[in-house]
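Heads up, the thing below is written out as structure tokens.
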Amino acid sequence: MRFLRAPAWLVLATGLGIALLAAGTHAVAQGPGDAERGRRVFTGRQCGRCHLPRGQQGVGPLLEELRRPQGGLELAGRLWNHAPGMFMLLREGGAAWPEISVAEMADLMAYLQATPARDPAPDLSRGEVLLVRKGCLKCHRFRGEGGWVGIELTKYPGYEAPVVWATTVWNHAPRMAEEAKRMAVLYPRFSGDEMGNLVGFLRSARK
1022 MRFLRAPAWL VLATGLGIAL LAAGTHAVAQ GPGDAERGRR VFTGRQCGRC HLPRGQQGVG
1082 PLLEELRRPQ GGLELAGRLW NHAPGMFMLL REGGAAWPEI SVAEMADLMA YLQATPARDP
1142 APDLSRGEVL LVRKGCLKCH RFRGEGGWVG IELTKYPGYE APVVWATTVW NHAPRMAEEA
1202 KRMAVLYPRF SGDEMGNLVG FLRSARK
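Those letters in the sequence shown? Residues 1022 to 1228, by the numbering used here.
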């Protein structure tokens, strides 16, 4: 590796890999979330301090913009995009990143009106293009090709459950953003159905 000394990248890759694989093992056990419990997660993680209802001024998107009918993978893409800016604000304020469990994410998704049924069917060819275009292979490997900072993407078991993928995105996007900054590469953003297309392609690659 030219950009990481062996001990550093081994620790990072192992840590991310174990966390990703651990999250995926809980995919089948999760049932539908509960919106009221999700509201309590939203409140307990202090999300309402930045995301206020319309008519009140906050530092983040309005609550009504967060709470709207949307797909589960669409929400995962929005969480991915949101993480770096929020991480910087929290770090400046001396606050820790609020990690979320898979069960809590299921409830939060229910509160935010995100359901997998609203995700369109993935376009696998577009997903394959996104894998390269978004720079995923700078850190991750796909069938042995790519970087060595993160895990081999075909080994991750959590693509089948959007709630598991959203949890992974939320808990690990800040670290990925820091690594992208350190490596001087652009942190990718996702819009529309891009996250769904990418995950759909990666899911198909595991079969």
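For each residue, glycine too, the CB sits at the ideal point set by N, CA and C.
Small disclaimer: the values here were computed from a predicted structure and weren't measured.
Buried/exposed call for Leu1110, threshold 16 Cβ in 10 Å: In the sequence shown, residue 1110 corresponds to position 89, counting from 1. Leu1110 is exposed by the Cβ-count criterion.
Whole-number beta carbon distance between Leu1094 and Met1216, since they are thought to touch under 8 Å: Taking the sequence shown and counting its residues from 1, the one referred to as residue 1216 is at position 195. Taking the sequence shown and counting its residues from 1, the one referred to as residue 1094 is at position 73. Their Cβ separation, rounded to whole angstroms, is 5 Å, which keeps Met1216 and Leu1094 in contact under 8 Å.
How would you call Glu1200, buried or exposed, if buried means at least 16 neighbouring beta carbons within 10 angstroms? Here residue 1200 refers to the residue found at position 179 of the sequence shown. Buried, since its Cβ has 16 or more Cβ neighbours within 10 Å.
Pick from Ser1212, Arg1058 and Ala1182: whose alpha carbon is nearest that of Arg1224? As a first step, residue 1224 is located in the sequence shown; it is residue number 203 there, counting from the start. The candidate whose alpha carbon is nearest that of Arg1224 is Ala1182.
Nearest to Asn1192 by CA position, among Cys1068, Trp1101 and Gln1134, is which residue? Working through the sequence shown from its first residue, we reach residue 1192 at position 171. Looking at the Cα atoms, Trp1101 is the closest of the given residues.
Touch test, the segment 1129 to 1139 against the segment 1152 to 1172, Cβ-Cβ under 8 Å, three pairs minimum: No, the segment 1129 to 1139 does not touch the segment 1152 to 1172.
Ala1226, DSSP secondary structure in three states: Walking along the sequence shown from the start, residue 1226 turns up at place 205. Here Ala1226 sits in helix by DSSP.
Just to check my reading of the structure: Asp1128 and Arg1058 have Cβ atoms closer than 8 Å, yes? What is that Cβ distance to the nearest angstrom? Within the sequence shown, residue 1128 is the residue found at index 107, counting from 1. Within the sequence shown, residue 1058 is the residue found at index 37, counting from 1. Indeed they touch by this definition, with Cβ atoms about 4 Å apart.
Per DSSP, Gly962 forms a beta bridge with which residues? Nothing can be reported for residue 962: it is not among the residues displayed for the chain, which extend from 1022 to 1228.
With distance defined between alpha-carbon atoms, name the residue in Val1123, Gly1081, Arg1112 and Arg1089 nearest to His1103. Here residue 1103 refers to the residue found at position 82 when the sequence shown is read from its first residue. Distance from the Cα of His1103 is smallest, within the candidate group Val1123, Gly1081, Arg1112 and Arg1089, for Gly1081.
Between the CA atoms of Glu1173 and Asp1140 - distance to the nearest angstrom: Here the question's residue 1140 lines up with position 119 in the sequence shown. Here the question's residue 1173 lines up with position 152 in the sequence shown. In a straight line, the C-alpha of Asp1140 is about 25 Å away from that of Glu1173.
Note down, in chain order, each residue of its chain lying with its Cβ closer than 6 Å to the Cβ of Ala1043, except the 5 sequence neighbours on either side. Against the sequence shown, residue 1043 aligns to sequence position 22. At Ala1043, the pLDDT of 46 sits below 50, so the modelled position is not reliable; the number obtained from the coordinates is stated separately. Correct list: empty, nothing qualifies.
Taking the straight line between their C-alpha atoms, what separation do you get for Gly1098 and Gly1213? Residue 1098 sits at position 77 when you count from the first residue of the sequence shown. Residue 1213 sits at position 192 when you count from the first residue of the sequence shown. Across the structure, Gly1098 and Gly1213 are spaced so that their CA atoms are roughly 8 Å apart.
Which partner residues does Thr1136 have in the DSSP bridge list? For the purposes of this step, residue 1136 is taken as residue 115 along the sequence shown, with counting starting at 1. Bridge partners of Thr1136: Gly1092.
Which whole-angstrom value is the C-beta distance of His1072 and Leu1096, which I expect to be below 8 Å? Numbered from its first residue, the sequence shown carries residue 1072 at position 51. Numbered from its first residue, the sequence shown carries residue 1096 at position 75. Wrong, their Cβ atoms sit about 14 Å apart, outside the cutoff.
Identify whether Glu1173 lies in helix, strand or coil by the three-state DSSP scheme. The residue given as residue 1173 occupies position 152 in the sequence shown. Three-state DSSP puts Glu1173 in a strand.
Any idea what DSSP makes of Phe1211, helix, strand or coil? The sequence position of residue 1211 within the sequence shown is 190, counting from 1. Correct three-state label for Phe1211: coil.
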